[in-house]
Amino acid sequence: MKTKAPSIFNYDDYRDFLGDYYVFKKATADYWSYGLWIRKLGLKSVSALTMIVKKQRHMGPNMIPKFLEFFQFPEEEEQHFLEMIRLIKASKGDPKLLVLLKNRQSNGQQQKQKTKVIEKIGEGLDPHRQLVFQWGSYAVREMSGLKDFKADPDWISKRLNGKLDKRASESFLSRLKSEGLIDTSGKATSKVIRPEGDFSKNEPQKYHRELMQLSAGAVELPIELRALHASTLAINSKKLKEAKELIREFQVRFSSLVEAVPGDEVYQLNMQFFPLTTKK
3 MKTKAPSIFN YDDYRDFLGD YYVFKKATAD YWSYGLWIRK LGLKSVSALT
53 MIVKKQRHMG PNMIPKFLEF FQFPEEEEQH FLEMIRLIKA SKGDPKLLVL
103 LKNRQSNGQQ QKQKTKVIEK IGEGLDPHRQ LVFQWGSYAV REMSGLKDFK
153 ADPDWISKRL NGKLDKRASE SFLSRLKSEG LIDTSGKATS KVIRPEGDFS
203 KNEPQKYHRE LMQLSAGAVE LPIELRALHA STLAINSKKL KEAKELIREF
253 QVRFSSLVEA VPGDEVYQLN MQFFPLTTKK
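Residue numbers (my numbering): 3 to 282.
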């Protein structure tokens, strides 16, 4: 039987994925070793890598971009990888969350079919839009980590200052519960919001447009509550890949600094980096 590379969507713990990836590489190439792997990653310590795989430590912010560069994940897989890292760190060894993670792994075989991006609008789409492409699903899920959270649509709508009305808040709350992303007590589980089945390429585009609309509304907030910064730069396009890696690294480090459970407010961090000019 031909050995298959592990599918990242079958995992809820990134360390299990890394461990299985090592086993896969070793089975297909006798010369593969942790020493070779760290050289390809640009790391110096074999023990740091083996400790991560053995769940004796977490992946540091400086290491994450190196793994992303090594694996070259498609966008959805990269998002899932980063979300696994975030959730595992957030659990802080809580036995209940760790049990949930292991239970979710047993259901991973149901995720075998790879996500396929299709071109025709409407073909294979969830009639209510997938949660992964709706900012409201992330907002309500993160709100469940607030100290004063109430699993009540009216409370959610008011806390979001009407950005979601009561009906939308109720819908998100219901769907998050039904899909196991929030438990019956109203707390976020270890399950990751991920793409399901086929989706149109317009869906992620619409998601980011909606986030930009939220950013536009943020200019009205008191200056002490928000940070809005912009730079217009003439760049060397050969540095584009490094620039994107730096943005990813910042996102991870920023989250590690400010994220807290329980928290007292939910914030949105958006980053855009795009060309104003194009060669004709």
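Beta carbons: idealized from backbone N, C-alpha and C, even for Gly. The model shown is predicted, which means the values in this text are computed figures rather than measured ones.
Original post:
Comparing alpha-carbon positions, which option in P277, D154, L227, Q270 lies nearest A245?
Top reply: Answer by Cα proximity: P277.
**OP:** Give the range of the alpha helix (DSSP H) segment to which W157 is assigned.
**Re:** Run containing W157: 155-161, per the alpha helix (DSSP H) assignment.
Subject >> F256 classed as buried or exposed, judged by whether at least 16 other C-beta atoms fall within 10 angstroms >> reply: Exposed, since its Cβ has fewer than 16 Cβ neighbours within 10 Å.
Original post:
Alpha carbon to alpha carbon, what distance is there between I87 and L51?
Top reply: 15 Å
Original post:
Whole-angstrom Cβ separation of S139 and L89, contact assumed at under 8 Å?
Top reply: In this structure S139 is not in contact with L89, their Cβ atoms being roughly 15 Å apart against a cut-off of 8 Å.
Original post:
Assuming R143 contacts A190 under a Cβ cut-off of 8 Å, what Cβ separation, rounded to an integer in Å, is found between them?
Top reply: 5 Å
Original post:
Under three-state DSSP, which class holds G147?
Top reply: coil
Original post:
What is the DSSP secondary structure of A31, reduced to helix, strand or coil?
Top reply: coil
Subject >> Nonlocal neighbours in the same chain, by C-beta distance under 7 Å from R196, ignoring five residues either side >> reply: F11, H82, V134
**OP:** Taking only the alpha-carbon atoms, compute the straight-line gap between R169 and Q274 and give it to the nearest angstrom.
**Re:** 31 Å
**OP:** Assign D150 to one of two classes, buried (16 or more other C-beta atoms within 10 Å of its C-beta) or exposed (fewer than that).
**Re:** Classification for D150: exposed.
**OP:** Determine the DSSP secondary structure at A141, reduced to helix, strand or coil.
**Re:** helix
Subject >> Unbroken alpha helix (DSSP H) run spanning G219, endpoints >> reply: Run containing G219: 204-219, per the alpha helix (DSSP H) assignment.
Subject >> Collapsed DSSP secondary structure at A190 in the structure displayed >> reply: In the three-state reduction of the DSSP assignment, A190 falls in the strand class, which pools E and B.
Original post:
Bridge partners of I184, per DSSP?
Top reply: A190
Subject >> Cβ-Cβ separation, G182 to K165 (assumed contact under 8 Å), whole Å >> reply: The pair is not a contact, with the Cβ atoms about 25 Å apart (cut-off 8 Å).
Subject >> Counted within 10 angstroms of its Cβ, other Cβ atoms place R41 as buried (16 or more) or exposed >> reply: exposed
Subject >> Of the residues E261, V254, Y269, the one placed nearest N64, counting alpha carbons only >> reply: V254
**OP:** Return no unless some Cβ of chain C is closer than 8 Å to the Cβ of S202.
**Re:** Note that chain C does not occur in the displayed structure, where there is just one protein chain.
Original post:
Count the other CB atoms within 10 Å of the CB of Q111; is the residue buried (16 or more) or exposed (fewer)?
Top reply: With a pLDDT of 37 at Q111, under the threshold of 50, the predicted position of this residue should be treated as unreliable, though the coordinate-derived value follows. With a 10 Å radius around the Cβ and a threshold of 16 neighbouring Cβ atoms, Q111 comes out exposed.
**OP:** Return the chain-ordered list of same chain residues with a C-beta closer than 7 Å to the C-beta of V55, the five sequence neighbours on each side being excluded.
**Re:** R17, L20, G21, Y24
Original post:
With burial defined as no fewer than 16 other Cβ atoms inside 10 Å of the residue's Cβ, what is the status of R228: buried or exposed?
Top reply: exposed
Original post:
Given E80, which residues of its chain have a CB within under 7 Å of its CB, disregarding the five upstream and five downstream residues?
Top reply: L70
Subject >> Residues bridged to G265 [DSSP beta-bridge criterion] >> reply: L148
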